[in-house]
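In terms of my numbering, the sequence shown is residues 4 to 250.
Heads up, the thing below is written out as structure tokens.
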Amino acid sequence: MRRNRGSIALKLHADSRRSKPPAMTPPTTIAPVATGMRLIPGFLDREQQKHLVDELREVVRLAPLFTPIMPGTGKPFSVRMTNCGPLGWVSDKNGYRYEPAHPLTRNPWPPIPDILLNAWAALTDYPAAPQACLVNYYGPAARMGMHQDRDEEDFSAPVVSVSLGATGRFRIGGIVRSAPTRSFPLSSGDILVLGGASRLAFHGIDRIVAGTSTLLPDGGRINLTLRRVSKPTTASRDDAITPRSQA
Ligand code: SIN
Ligand code: MN
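Structure, rendered in structure tokens:
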């Protein structure tokens, strides 16, 4: 698998102008694609996407993108990644897991931007906030092999996936690797919710479609995956959802 070269961190710093968080736009189109799965095309409008990219520049400044390693083969992923939230997903020779700190800086991950917490609150019925937001950066040649998201304790929480920048060709199958698959494009601003029967479906990104967005330099793509890692405890409601930017 090819490694991505070049520095998204520097490019993300190119424009650090910050603006007031835009109001959340309610979903207008919901196209069911598979059981328990919801695709909301254009959930974030262009201004919201630009605002979120500004927020991600700060995330990447505090928690630089790193290249994860596959535990079995020791090969590098073709995406580079970082995280925000109390926990972050990492992969190295010791396996896949969630960690409270960045593997290189050892600092806690920065907070999840409000616009993402609000999207989680608007699109899920889950009674607590997400604990992890994985930030994947795809260069033009990056892809993501078919896999399940199964490093979490609570599969009753959906996975909420936000796409920014170039279109990615998303592929999804069933809960066994051999099940038939189908693919569809994920464009900038789209949100995909994998819940219910689709929560443990195998999925991946076949390829990035060049020339489909001007949001990011070099036609790259960012995918933000919001996940709940542990079951919320009734004793502590610290992590109850408190949407902030929404009226
Ligand atoms: C992932 O499953 O980790 C990423 C999916 C995507 O990039 O849309
Ligand atoms: Mn995944």
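From the three backbone atoms N, C-alpha and C, an ideal C-beta is built for every residue, glycine too.
Beta-bridge pairing by DSSP links R230 to A135. If you draw a 10 Å sphere on the C-beta of S159, you find fewer than 16 other C-beta atoms in it, and that means exposed. Pairing Y141 with N226 gives a Cβ-Cβ distance under 9 Å. If you draw a straight line from the Cα of M73 to the Cα of G98, it comes to about 8 Å. Sequence-distant Cβ neighbours of L107 in its own chain, meaning closer than 8 Å and more than five residues away, are P67 and F69.
Judged by DSSP in its simplified three-state form, E58 adopts helix. When beta bridges are read from the DSSP output, E102 appears opposite G91.
Membership of I211 in the beta strand (DSSP E) is indicated by the continuous run H206 to V212.
Taking a C-beta distance under 9 Å as the contact criterion, F187 and F173 qualify as a contact pair. The shortest C-alpha to C-alpha distance from T170 to any of I208, V138 and V179 is the one to I208. Residue side-chain check: D209 keeps its Cβ at 8 Å or more from all non-hydrogen atoms of the ligand MN.
Taking one beta carbon from each stretch, the region 181-195 and the region 228-238 have fewer than 3 pairs nearer than 8 Å; the two do not touch. If one requires a minimum length of 3 residues, the beta strand (DSSP E) runs lying completely within the region 128-195 are 135-141, 147-150, 162-168, 170-175 and 185-189, in chain order. According to DSSP, residue pairing for M73 in a beta bridge does not occur. For V162, the shortest separation between its Cβ and any heavy atom of the ligand MN lies below 8 Å.
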